Amino acid sequence: MTASPPDFAPLRTERLTLRPLRLDDAPALHRLVNDWEVAKTLARVPFPYPRELAATWIAATWSQIGAGEAWHLAITTEESGAEQLIGCVGLTLSRDRKAAELGYWVGRRYWGQGIAPEAATRLCRWALATLEIVTIRASALRDNPRSQAVLRRIGLRPAGEGVQTFLSRGGPMPVLLFEGGREEITGDAPPPAAAEAPAGGKPIVLVAAVALVDADGRVLLARRPEGKPLAGLWEFPGGKVHPGETPEAALIRELKEELDIDVSAACLGPFTFASHSYENFHLLMPLYLCRRWQGEVRAAEGQALAWVRPQKLGGYAMPPADKPLVAMLRDFL
Ligand SMILES: Nc1nc2c([nH]c(=O)n2[C@H]2C[C@H](O)[C@@H](COP(=O)(O)OP(=O)(O)OP(=O)(O)O)O2)c(=O)[nH]1
Numbered sequence: 001m002t003a004s005p006p007d008f009a010p011l012r013t014e015r016l017t018l019r020p021l022r023l024d025d026a027p028a029l030h031r032l033v034n035d036w037e038v039a040k041t042l043a044r045v046p047f048p049y050p051r052e053l054a055a056t057w058i059a060a061t062w063s064q065i066g067a068g069e070a071w072h073l074a075i076t077t078e079e080s081g082a083e084q085l086i087g088c089v090g091l092t093l094s095r096d097r098k099a100a101e102l103g104y105w106v107g108r109r110y111w112g113q114g115i116a117p118e119a120a121t122r123l124c125r126w127a128l129a130t131l132e133i134v135t136i137r138a139s140a141l142r143d144n145p146r147s148q149a150v151l152r153r154i155g156l157r158p159a160g161e162g163v164q165t166f167l168s169r170g171g172p173m174p175v176l177l178f179e180g181g182r183e184e185i186t187g188d189a190p191p192p193a194a195a196e197a198p199a200g201g202k203p204i205v206l207v208a209a210v211a212l213v214d215a216d217g218r219v220l221l222a223r224r225p226e227g228k229p230l231a232g233l234w235e236f237p238g239g240k241v242h243p244g245e246t247p248e249a250a251l252i253r254e255l256k257e258e259l260d261i262d263v264s265a266a267c268l269g270p271f272t273f274a275s276h277s278y279e280n281f282h283l284l285m286p287l288y289l290c291r292r293w294q295g296e297v298r299a300a301e302g303q304a305l306a307w308v309r310p311q312k313l314g315g316y317a318m319p320p321a322d323k324p325l326v327a328m329l330r331d332f333l
């Protein structure tokens, strides 16, 4: 068992901090969760909640974070200058690591303030941008409309009914199942364009992108970082063409900024283009092919990068506009 809290940069919202639990959280955790109104809604929490279980569970959450299996975090807030534990929120990966099960609880005196949806949305956004998951699942007791409302507020949709064993209730109980993906949770419509919308239509946004191909025939994908629209999706490096710029000049600039490589316009071969309607704008994106550049590709903006064999591109979640491009690349390379 891990002996100290794992390295995990706290996630913040306007009111809350989500961070690994610490052993000195044990007394507050015990006090908050050893409350029938809280415990009765939780499948894996016994009632009464033994004092020593708090520290054991906290240490177990450290091992799970270290192993990349589950992230159970403390929800804290600041009250009169002091940090207060007010609940917990967690995600547990499925065996195939494509889905995660969401769970949370909030101490009774903090109910009715929207803490659970705020914390859960923050953790889900982090997970969708950082892990390889595509689905978030959750369940709520059929007799717990408050929790069902939280799950709906996060963006999850009903996905049937089930039965789950509840330690606190001493047996199986009927639950409602919920699930959702990136679109439901992040509400990701790409950003409105800077240009004025032409009458009756969406503005056209020009984005230049490139498939960098290395000597082994692998293509470079970059992961859109948390905080940007479509966070967590993999894309071809590139970016918006600024006013007065050519697409080639935009790419040369973006590749220097994002990957710290030098490319000349002569090495950018036009390959194909995407023309795709997003909710707020229409994307027009020439895709170039480039096999020669100067310098070593590095993630200059801290983004995740992957060199991917053309046959494996389908395994990476990409923006909808990229789907036809991927098929064409696969055929060409
Ligand atoms: N670079 C790139 N963008 C793509 C791809 N597919 C796709 O739909 N897009 C969309 C996502 C964004 O809405 C838009 C690119 O805009 P962006 O915001 O990333 O551009 P940027 O790097 O100039 O960023 P910023 O300075 O505006 O933050 O194009 C792709 O494969 N590569």
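For the sequence shown, position 279 (counting from the first letter as 1) is numbered 279 according to the UniProt record's numbering, and the numbering increases by one without interruption. Backbone N, C-alpha and C fix where the C-beta goes; we use that ideal spot for every residue, glycine too. Note that the structure is predicted; figures quoted are calculated from it, not measured.
Between the CA atoms of residue j and residue i - distance to the nearest angstrom
| i | j | result |
| --- | --- | --- |
| Ala119 | Ala9 | 15 Å |
| Lys323 | Ser168 | 47 Å |
| Arg153 | Val213 | 42 Å |
| Gly107 | Tyr49 | 14 Å |
| Thr17 | Ala304 | 24 Å |
| Ser139 | Leu151 | 8 Å |
| Val297 | Ile252 | 13 Å |
| Gln84 | Thr77 | 5 Å |
| Ile65 | Gly244 | 48 Å |
| Pro117 | Ala149 | 9 Å |
| Val326 | Ile86 | 46 Å |
| Arg51 | Gly170 | 19 Å |
| Leu93 | His30 | 25 Å |
| Phe236 | Lys202 | 23 Å |
| Glu301 | Ser63 | 30 Å |
| Glu132 | Gly180 | 15 Å |
| Pro225 | Gly232 | 6 Å |
| Cys267 | Lys228 | 29 Å |
| Glu196 | Val207 | The pLDDT assigned to Glu196 is 48, lower than 50, so where the model puts this residue is not dependable; a value taken from the coordinates is nonetheless given after this. Looking at the two C-alpha atoms, the distance is approximately 16 Å. |
| residue 339 | Leu156 | Nothing in the structure corresponds to residue 339, since the chain is present only between 1 and 333. |
| Thr41 | Leu333 | 54 Å |
| Ala199 | Val205 | With a pLDDT of 44 at Ala199, under the threshold of 50, the predicted position of this residue should be treated as unreliable, and no value is reported. |
Continuous beta strand (DSSP E) stretch holding residue i: start and end
| i | result |
| --- | --- |
| Trp36 | Counting along the chain, Trp36 falls outside any beta strand (DSSP E), though it belongs to the alpha helix (DSSP H) covering Trp36 to Ala39. |
| Thr272 | Gly269 to Ser277 |
| Arg125 | Note, Arg125: premise wrong, no beta strand (DSSP E); alpha helix (DSSP H) at Ile115 to Thr130. |
| Glu71 | A small fix is needed here, since residue 71 is Trp in this sequence, not Glu. Counting along the chain, the beta strand (DSSP E) containing Trp71 begins and ends at Ala70 to Glu79. |
| Arg157 | Arg157 to Phe166 |
| Leu103 | Going by the sequence as given, residue 103 is Gly instead of Leu. Element bounds for Gly103: Ala99 to Val106. |
| Val205 | Ile204 to Leu212 |
| Met173 | Gly171 to Gly180 |
| Gly239 | Gly238 to Lys240 |
Delimiting residues of the alpha helix (DSSP H) encompassing residue i
| i | result |
| --- | --- |
| Gly87 | Element bounds for Gly87: not the alpha helix (DSSP H) but the beta strand (DSSP E), Ala82 to Leu93. |
| Phe332 | Lys323 to Phe332 |
| Glu52 | Arg51 to Ala67 |
| Ala149 | Pro145 to Ile154 |
| Arg223 | Taken as a continuous stretch (DSSP letters only), Arg223 belongs to no alpha helix (DSSP H), being part of the beta strand (DSSP E) at Val219 to Arg223. |
| Leu32 | Ala26 to Val33 |
| Leu255 | Pro247 to Leu259 |
DSSP state of residue i mapped onto helix, strand, coil
| i | result |
| --- | --- |
| Leu313 | helix |
| Pro190 | Residue placement at Pro190 cannot be trusted, given a pLDDT of 47 that sits under 50; what the coordinates show is reported in the next sentence. The answer is coil: DSSP assigns Pro190 none of H, G, I, E or B. |
| Lys228 | coil |
| His282 | strand |
| Ala195 | At Ala195, the pLDDT of 47 sits below 50, so the modelled position is not reliable and the matter cannot be decided from this model. |
| Gln294 | strand |
| Arg109 | helix |
| Ala140 | strand |
| Leu18 | strand |
| Leu233 | coil |
| Leu23 | helix |
| Ala306 | strand |
Neighbour flag for residue i against chain D, beta carbons, 9 Å
| i | result |
| --- | --- |
| Ile261 | Going by chain labels, chain D is absent from the structure shown, which holds only one protein chain. |
Does the region 271-280 come close enough to the region 175-187 that 3 or more CB-CB pairs lie under 8 Å?
no
Take every Cβ of the region 260-267, pair it with every Cβ of the region 217-226, and state whether three or more of those distances are shorter than 8 Å.
no
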